[in-house]
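One structure is given here, and the rest of the page talks about it.
Number of protein chains: 6
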Amino acid sequence: MNFTPVGNGQSHEGYCLIKSVEKKLTAKGVPYLDLVLADNEGEISAKLWDYKETPGNSYVKFDFVKVRGSYVPFNDTMQFRVERIRHVLPEDGAVIEDYVPSACLPGKVMLEEIEKTVASFCDNELKLLVSKVIDEYREKLLYWPAAKNLHHAVRSGLLMHTLSILRLAKSVCEIYRFVNYDLLCAGAILHDIAKIDELSVSETGIAGEYTIKGNLLGHLVMGAVTIDKIGRENNISEETLMLVEHMLISHHGTPEFGAAKLPMFIEAELLSQLDLMDARLYEMHHAVSAVDEGTFTPRQWALENRNLYNHGKSGSDEVNLVDNTTTKED
Amino acid sequence: MNFTPVGNGQSHEGYCLIKSVEKKLTAKGVPYLDLVLADNEGEISAKLWDYKETPGNSYVKFDFVKVRGSYVPFNDTMQFRVERIRHVLPEDGAVIEDYVPSACLPGKVMLEEIEKTVASFCDNELKLLVSKVIDEYREKLLYWPAAKNLHHAVRSGLLMHTLSILRLAKSVCEIYRFVNYDLLCAGAILHDIAKIDELSVSETGIAGEYTIKGNLLGHLVMGAVTIDKIGRENNISEETLMLVEHMLISHHGTPEFGAAKLPMFIEAELLSQLDLMDARLYEMHHAVSAVDEGTFTPRQWALENRNLYNHGKSGSDEVNLVDNTTTKED
Amino acid sequence: MNFTPVGNGQSHEGYCLIKSVEKKLTAKGVPYLDLVLADNEGEISAKLWDYKETPGNSYVKFDFVKVRGSYVPFNDTMQFRVERIRHVLPEDGAVIEDYVPSACLPGKVMLEEIEKTVASFCDNELKLLVSKVIDEYREKLLYWPAAKNLHHAVRSGLLMHTLSILRLAKSVCEIYRFVNYDLLCAGAILHDIAKIDELSVSETGIAGEYTIKGNLLGHLVMGAVTIDKIGRENNISEETLMLVEHMLISHHGTPEFGAAKLPMFIEAELLSQLDLMDARLYEMHHAVSAVDEGTFTPRQWALENRNLYNHGKSGSDEVNLVDNTTTKED
Amino acid sequence: MNFTPVGNGQSHEGYCLIKSVEKKLTAKGVPYLDLVLADNEGEISAKLWDYKETPGNSYVKFDFVKVRGSYVPFNDTMQFRVERIRHVLPEDGAVIEDYVPSACLPGKVMLEEIEKTVASFCDNELKLLVSKVIDEYREKLLYWPAAKNLHHAVRSGLLMHTLSILRLAKSVCEIYRFVNYDLLCAGAILHDIAKIDELSVSETGIAGEYTIKGNLLGHLVMGAVTIDKIGRENNISEETLMLVEHMLISHHGTPEFGAAKLPMFIEAELLSQLDLMDARLYEMHHAVSAVDEGTFTPRQWALENRNLYNHGKSGSDEVNLVDNTTTKED
Amino acid sequence: MNFTPVGNGQSHEGYCLIKSVEKKLTAKGVPYLDLVLADNEGEISAKLWDYKETPGNSYVKFDFVKVRGSYVPFNDTMQFRVERIRHVLPEDGAVIEDYVPSACLPGKVMLEEIEKTVASFCDNELKLLVSKVIDEYREKLLYWPAAKNLHHAVRSGLLMHTLSILRLAKSVCEIYRFVNYDLLCAGAILHDIAKIDELSVSETGIAGEYTIKGNLLGHLVMGAVTIDKIGRENNISEETLMLVEHMLISHHGTPEFGAAKLPMFIEAELLSQLDLMDARLYEMHHAVSAVDEGTFTPRQWALENRNLYNHGKSGSDEVNLVDNTTTKED
Amino acid sequence: MNFTPVGNGQSHEGYCLIKSVEKKLTAKGVPYLDLVLADNEGEISAKLWDYKETPGNSYVKFDFVKVRGSYVPFNDTMQFRVERIRHVLPEDGAVIEDYVPSACLPGKVMLEEIEKTVASFCDNELKLLVSKVIDEYREKLLYWPAAKNLHHAVRSGLLMHTLSILRLAKSVCEIYRFVNYDLLCAGAILHDIAKIDELSVSETGIAGEYTIKGNLLGHLVMGAVTIDKIGRENNISEETLMLVEHMLISHHGTPEFGAAKLPMFIEAELLSQLDLMDARLYEMHHAVSAVDEGTFTPRQWALENRNLYNHGKSGSDEVNLVDNTTTKED
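Protein chains in written order, with numbering that gives the first Met the number 0: chain A, 0 to 329; chain B, 0 to 329; chain C, 0 to 329; chain D, 0 to 329; chain E, 0 to 329; chain F, 0 to 329.
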């Protein structure tokens with residue numbers, strides 16, 4: 000936790016997220032709050048004793064708060080005894096991105112890079128279609144995560160994932176000139192857009208649960224339905240919609256991973272491969288970073304039960320699109 | 000072929016379908032038509048010598064024609080030498096259903112039974128939605144086949160398949176009262192509706208090819224998109240659309256057979272089972288009917304390579320919903 | 000637990016099943032019984048202190064008993080302190096069906112419906128064969144469960160499952176007239192008969208364990224062996240036995256679910272589909288009923304890990320063949 | 000064909016099997032026989048012109064005949080023009096084993112070795128059971144093949160396969176002393192006994208087709224039913240029958256190869272492994288023997304599409320239990 | 000065939016490859032050569048009548064020859080009647096690359112780009128190891144194809160495939176900075192090097208057959224053995240060899256495609272993905288280019304039986320690394 | 000634990016292995032050792048209070064020690080309070096084989112039998128190659144286990160497994176004379192040799208972990224690389240190495256179990272089958288021995304989740320190659 004000492008150093012103060020909160024009673028019947036506080040460095044169990052609920056002093060999951068308190072030993076670990084707590088105010092100047100696991104670039108910067116690419120499309124229908132979809136989802140797109148699990152999902156993770164694939168897509172187009180640049184880039188930008196309807200996410204950018212519709216239809220089919228609707232509203236041709244919708248419903252590559260159709264043209268195939276590549280790289284980097292050099296990770300369920308090897312020869316540490324919030328457990 | 004003798008019995012005359020037609024030249028350079036003529040009893044190779052193409056004397060695949068000619072031996076088989084040919088006229092009183100493999104009930108009768116069921120729905124949203132969809136597709140629905148292959152696909156086959164499942168669905172609802180009758184019946188009626196956009200079919204009710212969109216999106220996803228569009232135009236609630244769309248995209252049961260999601264509520268599961276049951280029964284009855292009592296069919300590719308046994312103890316032969324156009328090869 | 004208050008209401012009294020019983024010693028060396036008592040509403044941990052074992056005061060698993068005692072808090076839950084306990088006597092008038100999860104219809108009623116169907120068979124060999132088999136197993140058939148797990152298995156569950164499939168079978172025969180009614184119904188009635196040799200079950204109708212033979216041979220092969228034996232004793236023809244035995248050994252549909260052969264004629268295929276349908280409906284209804292409307296169940300292992308959705312739109316609640324003993328956990 | 004020249008060498012004479020026979024008419028309407036003649040060296044197309052059918056001059060598939068005739072070129076190959084033909088007579092002294100692909104040891108010799116093993120059993124029940132089964136099938140057992148296809152199936156092939164496994168079983172028992180010798184040997188001897196009811200075979204020892212019962216029940220289940228019947232007639236205990244029946248229904252190892260249960264004790268597991276080993280060795284030796292040293296066979300469908308390598312370093316050529324009828328195609 | 004008319008235009012002349020050659024006899028016993036001639040435009044059946052074999056006039060498969068002759072109709076097609084034939088001489092100035100399907104860049108140019116990358120490695124061990132391996136295989140590397148089938152395999156195809164992956168690898172390293180550039184590039188360059196020992200290839204760069212060793216060990220394991228040998232000869236550390244060998248034996252990604260281990264670190268995973276991407280792109284581009292815009296290809300066996308769609312919107316036609324030798328069949 | 004009472008019987012003394020050891024502090028800060036002690040009869044938790052570490056009094060995992068102490072109750076179980084502990088000295092005369100689960104024959108005896116077989120080879124290359132490999136690994140071979148898990152792995156387990164397969168191989172060669180004895184035996188002896196590089200094992204013969212190289216390359220590929228190296232050093236022919244290396248990389252039978260190639264000649268196929276047979280027999284015997292006669296084992300994960308039946312009819316108990324260290328849990 001990035002709390003800093005205040006006063007004589009017994010107390011600490013900082014900003015954090017409420018990861019869970021429950022109102023309980025002590026043995027003597029006095030109400031208190033049982034909390035888990037979290038920031039991008041970790042989390043800590045906390046108690047707020049003698050709690051009196053008031054409209055201005057009421058907290059729910061994912062609230063962004065300022066706390067002061069002190070660390071007290073509890074069983075084999077430490078606990079945080081909250082002395083003061085309040086919601087973060089605009090005048091605090093604290094930005095949520097600094098306290099939740101976030102993409103390495105701000106949402107705005109990433110979206111700008113994406114929109115610059117759209118502006119460069121030769122195909123006017125694709126340019127219009129993609130722009131309209133971005134407009135429809137712009138606000139949420141800026142902070143939406145790409146997945147539900149805390150470990151794979153970070154604030155603005157959806158943009159981070161989208162931008163990585165878009166950059167890969169452009170490189171591939173330079174190497175294989177027969178690939179349709181506009182079509183592949185449009186697919187890269189739109190492929191996961193329906194995750195915004197599939198997941199319920201608080202304004203902190205942390206995913207809660209799948210929505211009912213997300214469970215029953217999934218972001219592949221929901222994406223196709225959405226593209227169809229926005230497309231028709233903007234008079235996009237049947238053919239363009241058909242190609243884009245095919246890319247969306249096939250981008251998981253094989254039926255066992257949810258694709259309703261196998262990719263049936265080159266850009267659809269490429270999109271599914273680049274999607275897999277970015278996801279795998281993120282997960283492998285994440286897993287490998289958490290173990291010592293020269294050792295193996297535990298079996299990775301999502302990677303066919305592989306034990307991954309940390310050979311300790313990573314490339315440069317400069318900023319890049321995969322977040323580096325993972326810290327080795329010590 | 001159900002051609003009948005005319006005159007001294009050397010010539011035969013009848014109605015039939017043109018299954019294929021090609022204009023060729025004899026060795027001497029004289030044009031002739033090389034035809035395959037078909038009706039619901041079989042097909043025959045035919046020639047029309049000394050052919051002169053005129054606007055009124057021009058033929059394409061799937062045309063419904065009246066022919067007169069004579070049978071001539073050719074290699075190990077017989078060929079039909081066409082003496083006269085013309086398109087069928089309204090005054091002929093010949094109906095196409097009598098000459099192509101067709102469902103055992105007329106399309107109109109089947110659609111009536113279906114619409115009577117819709118009228119009985121308690122759920123007004125489902126009643127409205129299903130009615131609107133039927134209205135949109137009414138004309139084609141009357142004769143559309145359910146599949147592309149001649150053997151599995153007959154004129155009005157789509158209605159036949161739909162009605163069988165609907166009847167099964169009603170029986171099931173009587174036995175298990177917790178099943179939602181309206182929802183299951185709506186699913187049964189709508190589940191394959193997008194086959195009308197997936198296949199290209201002539202007015203004879205014989206399927207030609209999959210459409211491009213049919214190949215790239217498939218009738219499951221296309222069905223969901225269509226329901227969504229018609230649903231919104233008629234102010235159907237999000238929840239109802241979500242349930243119906245889920246039934247459509249999951250009705251093939253498992254991803255390997257094209258389902259975008261596994262069925263996730265009881266009516267969706269039932270729909271996928273009843274769909275399979277009707278398809279299997281049709282195919283098994285078709286295969287078994289073609290071999291002698293006490294023998295096995297060849298391996299059936301579409302039925303996990305099974306050899307099926309004809310035990311010769313079929314039930315009554317009265318009219319029922321599976322066509323009996325199959326004739327034993329002798 | 001359906002215990003009712005007696006006296007001043009501190010004590011409660013009722014009938015129940017002993018789900019488990021163990022004789023233990025207190026720290027001071029005094030013997031007591033550690034029990035779990037159960038009825039069709041739930042179960043409770045119980046203690047009988049100062050227990051003296053006598054011939055008339057000795058208890059084993061699945062005994063049907065009358066108890067009196069009081070509820071005492073224990074850890075986070077309640078425990079039942081037994082004051083009196085004895086075996087149920089005929090004069091109590093308590094019937095076991097009211098205290099264990101049971102089929103919604105009495106065994107006798109269900110068997111009657113089944114035998115009426117047998118009486119209607121046209122095929123005399125099948126009529127004789129099925130009657131003889133029912134006679135052989137009649138007594139156990141009345142209360143036997145269909146499976147081992149408490150949740151899927153209820154008193155008279157085997158008849159309940161058999162009757163559901165038989166009803167479905169009859170509906171199917173009405174829709175598809177080429178199906179052999181007698182053969183399909185015979186298969187429906189006999190398909191699981193060897194479960195009576197496969198499971199060991201107390202007279203309460205609750206399954207204990209698989210028998211050794213059940214483990215090593217399974218009810219599919221055991222069924223075929225039994226039919227063969229009873230068939231020969233009654234001079235049933237080779238052909239009839241062969242058809243029935245095939246239906247029995249193939250009724251799990253595919254090898255991975257234990258079928259020794261794929262179903263090779265229409266009635267065998269139908270039987271395996273109806274068996275699956277009834278099993279799935281039971282399990283799905285059971286799982287969905289246990290969660291709130293608008294929410295999903297946990298992943299269902301036996302249903303390919305699906306989360307099932309309770310859409311809250313079940314059909315009528317009238318009596319039907321799937322039991323409704325499931326109560327929402329609160 | 001092992002025909003030998005007679006007279007001036009233009010004519011050839013010998014014994015052979017009729018592999019197929021059809022009565023046809025020449026263009027002039029004269030009847031003739033169109034035959035395929037075969038012996039263990041190969042087969043040849045043959046004609047018998049000017050054929051007059053008489054009771055003593057009538058031939059069916061698998062007849063064992065003596066023919067004389069001459070080779071005549073026909074298209075790219077040779078044909079045999081039959082001059083004389085008649086059924087083989089006892090006084091000819093020709094034995095069928097010399098003219099059809101046969102096991103390398105006479106059936107009698109092999110059965111003797113098997114019965115000597117049975118006589119050595121300590122377990123009297125198993126000794127009695129196996130003896131009774133052999134008695135029941137003795138005659139057919141002597142010449143029955145183990146499979147339908149000509150290439151994998153030879154006269155007395157069933158005994159050859161049984162004896163190989165029995166010999167392997169004995170070796171294994173010497174190496175692993177905890178294996179039950181009597182049980183494993185009993186399983187080895189009985190495991191395929193129901194192939195005698197599963198296949199229809201002429202007296203030449205060449206398999207024709209699967210029987211209907213063979214198709215519908217298979218030799219695994221049929222074996223269990225038979226053992227059960229013979230066992231009960233001879234008062235064999237329930238336990239012994241259960242163990243033997245389990246070995247029979249599980250000996251194909253996994254459900255995908257037809258096992259109704261996975262092998263659940265050591266002898267059952269061993270039996271299934273030894274069965275596979277003998278079958279694989281036969282097929283691999285057969286395939287490899289047909290290609291030149293230093294080359295690969297074509298893909299072997301029954302061996303997971305492997306190309307097998309003939310390394311040219313086979314062991315000794317002395318007589319052993321796998322037949323060596325395969326001759327390199329040149 | 001790119002033969003050009005000579006003289007009065009009745010005769011044609013050009014350079015080509017002998018794809019097959021067989022010496023035969025005419026009906027009158029006169030020897031002639033039955034040939035198939037091929038160049039990068041197609042192939043043609045050819046005859047050389049009255050052939051007299053002499054040391055200087057002898058031809059084998061894959062010889063590069065100059066021919067003159069004339070086209071003569073034969074059945075439904077054309078045949079080439081050879082009038083003159085001889086081996087190509089240096090003074091002809093004809094280069095084989097112009098007459099066989101070849102990579103779009105000369106081998107030398109591609110190898111230069113690869114070696115420039117090696118020169119830029121920071122890791123001296125990898126630089127040394129890769130250089131030594133290239134030196135060992137340099138000559139063959141320049142023209143070796145990447146596969147056996149004519150359609151997927153072209154002269155210098157191995158370098159083409161290697162260079163494509165290398166270019167992709169570099170792009171990926173720019174986007175994800177934690178990837179080890181030297182390791183991934185070394186893997187890209189070495190991954191298929193053992194194809195040079197796995198395939199037997201003539202100097203034309205056309206693959207004949209798999210070698211025996213290629214069949215029995217495969218280029219993955221052979222690659223590891225080779226790297227180990229060359230590595231030890233050059234004192235490369237155990238660790239470096241281990242990492243490179245792992246990349247080689249895992250580069251087919253999953254066991255079913257021949258990987259002896261799943262990729263266990265990031266560069267190994269990336270290599271296997273890039274390998275698949277380049278192979279798929281080549282095959283899809285090849286298949287799609289052969290059908291008309293707006294239509295589908297036949298099912299592609301090597302691409303999970305997909306029908307691929309030619310949407311007619313390919314990117315620029317400028318030179319790139321996938322060959323464009325495919326010509327639409329007309 | 001095979002500790003024996005000393006003195007008045009309150010104390011016990013014996014030799015054992017340290018299975019785990021951790022230095023901890025009591026609440027009062029006094030250091031003590033928290034140990035798990037093990038021998039071939041079982042294991043026990045132990046404490047050494049008031050521990051003072053000195054060079055001669057320092058312990059690590061797998062140390063072979065002599066201890067004295069007393070049993071004290073702890074929670075529901077017993078603990079051993081160590082009074083004295085020291086490393087075993089040569090003069091103690093205690094041999095490690097008596098205290099860790101070990102093969103039933105001494106390593107030396109087993110290796111002798113193996114080397115006698117090698118000496119009998121006719122093929123001089125194989126004789127030389129196998130001898131050289133044994134020489135290289137002789138010391139470790141004597142005590143190396145065959146696997147990592149304590150239950151499946153015993154001291155000298157690698158030799159035990161090798162010898163069992165070798166004995167099976169010889170039996171098979173007697174029954175099928177076309178099998179190449181030298182090649183199959185060489186494969187049997189060498190197939191797992193690289194396990195010595197794949198596992199890290201203490202001198203007690205108990206496996207610790209997989210080595211990094213073992214994880215990344217596996218003993219199949221490592222074996223091929225090793226054979227290649229030793230083979231070249233001894234001028235073994237390419238062909239012999241190729242055959243042996245193929246046997247090594249294919250001996251797991253199918254890709255899903257790690258085989259880099261399917262076995263492609265008879266000896267390779269046999270080796271993979273015998274390897275599986277010995278492994279399965281070991282595991283099944285081990286599992287079955289641990290439950291009562293007439294009961295089933297729990298599901299065996301490594302045996303396709305089978306419940307195995309103990310029929311109580313094991314063969315003779317004489318010494319044989321599968322260890323009998325398993326003791327029924329009571």
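For glycine and all other residues, C-beta sits at the position ideal for the given N, C-alpha and C.
Quick caveat: nothing in here was measured; it's all calculated off a predicted structure.
Where residue i sits in the DSSP three-state scheme
i, result
"Q299(A)", "strand"
"H151(F)", "For H151(F), the pLDDT reaches just 48, beneath the cut-off of 50, and the residue's location in the model is therefore unreliable, although a value from the coordinates is still provided. Looking at H151(F) - three-state DSSP - the assignment turns out to be coil, as it is neither helix nor strand."
"A206(E)", "strand"
"R231(A)", "helix"
"D122(C)", "coil"
"G68(B)", "strand"
Alpha-carbon to alpha-carbon, residue j and residue i
i, j, result
"F63(E)", "L273(A)", "43 Å"
"G204(F)", "W143(F)", "5 Å"
"T210(E)", "E197(E)", "5 Å"
Own chain residues within Cβ distance below 8 Å of residue i, not counting five before or after
i, result
"S271(A)", "S249, H250, H251, G252, A258, P262"
"L275(E)", "G252"
6 Å CB neighbourhood of residue i in its chain, flanking five on each side removed
i, result
"Q299(A)", "A286, R305"
Cβ neighbours of residue i in the same chain (closer than 7 Å, five flanking residues each side left out)
i, result
"V200(E)", "W143, P144, A206, G207"
Residue i beta carbon near the ligand HEM (any heavy atom closer than 7 Å)
i, result
"R137(C)", "What this structure holds is no ligand at all, so the ligand HEM is not there to describe."
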